[in-house]
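Residues 442 to 984 (the working numbering) make up the sequence shown, in order.
A short worksheet on the structure shown next.
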Amino acid sequence: MSLVHMGNDNELVKVLNTMQLKTIISRSPQSNMSVLNEHYVIDANSSTYFIKQFKYLVSERRWNPTTRFLILIKNLNVHDLYNVFDILLRYHVINILILNSTANPDIYTYNPFENFGCGRRYDRIIDLGKCSKSYTKDLYPDKLITGLRNCTFNVASTHWPPFSIKRPINSTNMMVGIEEYIIREMSQLESFNINVTFIGDGEKFSTISENMSIDGPLSFVQNGADMVFGGLVLVEARTDMFEFIYLHLLDQDSLVYLVKKAGRVQPWRKMYLVFQVDVWLTLFLIFLLYFLLFVLFFRPKDKSWVVLKMLSFMFSSGTGIRGSFFKRSIFIAWVWCSYFFSSYYQSTFSSVTTHPLMEHQIATVEDLERYNLQPCVSETILDYIEATLHDKQQFETREQCKLYLDSIQFVSQSEHEYFTVVHFHKYQYYKLDYYNEYGEETMYKLDRQIFSSLNCIYFYKGFPFIDKLQMHALRVRENGMINAHMSRLYREFRRHYKFKSKDSKELEVLVPWHLLGLGSCLSTLVFVGEILIKKFNHNNKSM
Numbered sequence: 442m443s444l445v446h447m448g449n450d451n452e453l454v455k456v457l458n459t460m461q462l463k464t465i466i467s468r469s470p471q472s473n474m475s476v477l478n479e480h481y482v483i484d485a486n487s488s489t490y491f492i493k494q495f496k497y498l499v500s501e502r503r504w505n506p507t508t509r510f511l512i513l514i515k516n517l518n519v520h521d522l523y524n525v526f527d528i529l530l531r532y533h534v535i536n537i538l539i540l541n542s543t544a545n546p547d548i549y550t551y552n553p554f555e556n557f558g559c560g561r562r563y564d565r566i567i568d569l570g571k572c573s574k575s576y577t578k579d580l581y582p583d584k585l586i587t588g589l590r591n592c593t594f595n596v597a598s599t600h601w602p603p604f605s606i607k608r609p610i611n612s613t614n615m616m617v618g619i620e621e622y623i624i625r626e627m628s629q630l631e632s633f634n635i636n637v638t639f640i641g642d643g644e645k646f647s648t649i650s651e652n653m654s655i656d657g658p659l660s661f662v663q664n665g666a667d668m669v670f671g672g673l674v675l676v677e678a679r680t681d682m683f684e685f686i687y688l689h690l691l692d693q694d695s696l697v698y699l700v701k702k703a704g705r706v707q708p709w710r711k712m713y714l715v716f717q718v719d720v721w722l723t724l725f726l727i728f729l730l731y732f733l734l735f736v737l738f739f740r741p742k743d744k745s746w747v748v749l750k751m752l753s754f755m756f757s758s759g760t761g762i763r764g765s766f767f768k769r770s771i772f773i774a775w776v777w778c779s780y781f782f783s784s785y786y787q788s789t790f791s792s793v794t795t796h797p798l799m800e801h802q803i804a805t806v807e808d809l810e811r812y813n814l815q816p817c818v819s820e821t822i823l824d825y826i827e828a829t830l831h832d833k834q835q836f837e838t839r840e841q842c843k844l845y846l847d848s849i850q851f852v853s854q855s856e857h858e859y860f861t862v863v864h865f866h867k868y869q870y871y872k873l874d875y876y877n878e879y880g881e882e883t884m885y886k887l888d889r890q891i892f893s894s895l896n897c898i899y900f901y902k903g904f905p906f907i908d909k910l911q912m913h914a915l916r917v918r919e920n921g922m923i924n925a926h927m928s929r930l931y932r933e934f935r936r937h938y939k940f941k942s943k944d945s946k947e948l949e950v951l952v953p954w955h956l957l958g959l960g961s962c963l964s965t966l967v968f969v970g971e972i973l974i975k976k977f978n979h980n981n982k983s984m
């Protein structure tokens, strides 16, 4: 229990000390409590002074408007009660008793949920009579008698798909974001309405200062909004400032690494990538061994002739073999060996043209360090990491990466030099933007996530029936309705994309067709020339 002094020095402390109560903390409004206040007892010198000092009380981190309040005002004027209740209504204080500091004080309260007031207005000040006659009355009754029926709540929403979606004017698409869909389903169960107003840029990450002032989308809760949409994540500093519902998504969101997907190996590199290093080394040693055998047994005058003959067999070029049976056996052994190597090489190379080789895919955090990839992280992610891990300096960013989607676009167009960090659900919604013309992904998600995150729908502190709304959200999720709505959103988003189809499987041939045609023509001319020259020489000898 907090005993808050607002200028009235009376015997209240002594009276409370004589009673068997829980721990009482005597304090001023400017004292910032580090523990949750279970009850408030406030003694004030006047209603004017109470109104001035009350703003300090509500700005503390562990402010609790849902608990019970007992306010004693010394020089209380009945006409000033409206000003007192107005300030209490502004900060959503419901369970309240106001007494004037007399021997037998009058007790006053109000009910902003009476006559479907929905916590926004009160029609009358309720006089509970004298304190001496109040022992038979329930001074803190349940005031939420009409529930949320006939209420209209103001919603501030950013455009942050798939959680909140701002539809273009005159659009025939009636799809709403996940969070608006959930609240509208609840509104049918609880008979309330919502009025959604789209606000500024969702890129701004809401931060909370030491004096409890808030910037970004969440600041609208302090300025009249009842709830905020926009895929806002749960961080520790926000848990004491707002009510929220969470766990409404089937899968937890998470921060993940994105890098550019590995491309195809350049065609000329396939000449040597067909075999691994150990295979090429084995081939070289066998070639050298046979060469030494040929030189040892044949003792040719021109050793280059032996090399050319051996290479000709590797390229399946036929030739006559003369000599003894032993020498021919050595040649035939090399012919067989080179044939096997050549056949295996050609078959493997053919498969490479139909199933192209890919560059090494950066797939682990260790690869990011090994290949020295630079971060390209948006400012909203940097602010989130700072609020969660208190370490903003681990990622430095570039000017082109300040915006969320721009950071993904920049990485997708880079040459495997950068990586970015994104929320998985948001990337999952926009990932078709980063496909190529044939509908193939250009981004690769690392399996290791940085950490999980919870997306919440935030309400003002003291929002009624928050536990009931939380239960509704869980039931909507468990019934599969949220997952089905997400599938509809993705399907609607894909409808606007048309990718080219490949009529046949794309082949990658090492030699360009025009160069291959030129080579074929030249080889044909040489072949015909050899025949003509041989025939011409034969005719000259016969003459």
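C-beta: ideal position from N, C-alpha, C; glycine also.
{"Check": "Per DSSP, the bridge partner or partners of residue 595", "Outcome": "636"}
{"Check": "Any 3 or more C-beta pairs closer than 8 Å across the segment 568–578 and the segment 883–896", "Outcome": "no"}
{"Check": "Opposing strand residues paired with residue 1010 [DSSP bridges]", "Outcome": "Outside the modelled stretch of the chain, which goes from 442 to 984, sits residue 1010, for which no answer is possible."}
{"Check": "Closest residue to residue 887 among 805, 847, 677 and 875 (Cα-Cα distance)", "Outcome": "805"}
{"Check": "Residue 485 at chain C interface by Cβ criterion, 9 Å", "Outcome": "Of the protein chains in the structure, only one exists, and it is not chain C."}
{"Check": "Residue 494, buried or exposed, once every other Cβ within 10 Å from all chains shown has been counted against 16", "Outcome": "buried"}
{"Check": "Proximal residues to residue 845 (C-beta, below 8 Å), its chain only, five neighbours per side dropped", "Outcome": "644, 819, 821, 822, 863 and 867"}
{"Check": "9 Å Cβ cutoff met for residue 411 and residue 631", "Outcome": "Examination of residue 411 is not possible in this model, given that the chain is present from 442 through 984 alone."}
{"Check": "Simplified DSSP state of residue 986, which is helix, strand or coil", "Outcome": "The requested residue 986 does not occur in the structure, where the chain is confined to residues 442 to 984."}
{"Check": "Cβ-based burial, residue 620 [other Cβ within 10 Å; buried from 16]", "Outcome": "buried"}
{"Check": "From 545, 503, 551 and 546, residue whose alpha carbon lies closest to that of residue 524", "Outcome": "551"}
{"Check": "Whether residue 713 touches residue 721 by CB criterion (9 Å)", "Outcome": "yes"}
{"Check": "From 931, 653 and 492, residue whose alpha carbon lies closest to that of residue 874", "Outcome": "931"}
{"Check": "Nearest to residue 539 (by Cα), restricted to the options 909, 664, 549 and 545", "Outcome": "549"}
{"Check": "Exposed unless 16 or more other CB atoms sit within 10 angstroms - verdict on residue 615", "Outcome": "exposed"}
{"Check": "Test item: CB-CB of residue 598 and residue 607 under 9 Å", "Outcome": "yes"}
{"Check": "Beta-carbon proximity check, residue 530 vs residue 905, cutoff 9 Å", "Outcome": "no"}
{"Check": "Unbroken beta strand (DSSP E) run spanning residue 619, endpoints", "Outcome": "Per DSSP, residue 619 belongs to no beta strand (DSSP E); it is in the alpha helix (DSSP H), 619–631."}
{"Check": "For residue 655: DSSP bridge partner residues", "Outcome": "649"}
{"Check": "CA-to-CA distance, residue 909 to residue 876, given in whole angstroms", "Outcome": "42 Å"}
{"Check": "Enclosing alpha helix (DSSP H) for residue 866 [first to last residue]", "Outcome": "865–871"}
{"Check": "Exposed unless 16 or more other CB atoms sit within 10 angstroms - verdict on residue 564", "Outcome": "exposed"}
{"Check": "Close-in-space but distant-in-sequence residues of the same chain around residue 913 (CB under 7 Å, 5 per side omitted)", "Outcome": "627 and 630"}
{"Check": "Neighbourhood of residue 511 by C-beta distance below 6 Å, restricted to the same chain and skipping five residues each side", "Outcome": "482 and 538"}
{"Check": "CA-to-CA distance, residue 498 to residue 652, given in whole angstroms", "Outcome": "11 Å"}
{"Check": "Delimiting residues of the alpha helix (DSSP H) encompassing residue 747", "Outcome": "744–755"}
{"Check": "Helix, strand or coil at residue 899 [DSSP, three-state]", "Outcome": "strand"}
{"Check": "Residue 735, DSSP secondary structure in three states", "Outcome": "helix"}
{"Check": "Residue 661 to residue 692 span [Cα, whole Å]", "Outcome": "28 Å"}
{"Check": "For residue 929, the first and last residue of its enclosing alpha helix (DSSP H)", "Outcome": "922–935"}
{"Check": "Which listed residue (765, 640 and 676) has its alpha carbon closest to that of residue 664", "Outcome": "640"}
{"Check": "Whether residue 586 touches residue 526 by CB criterion (9 Å)", "Outcome": "no"}
{"Check": "Residue 842 burial status per 10 Å Cβ neighbour count (16 or more: buried)", "Outcome": "buried"}
{"Check": "Whole alpha helix (DSSP H) elements within the segment 505–593, 4-residue minimum", "Outcome": "522–531"}
{"Check": "Where residue 775 falls, given that 16 or more other Cβ within 10 Å makes a residue buried", "Outcome": "buried"}
{"Check": "Anticipated Cβ contact below 8 Å, residue 860 with residue 698, distance rounded", "Outcome": "6 Å"}
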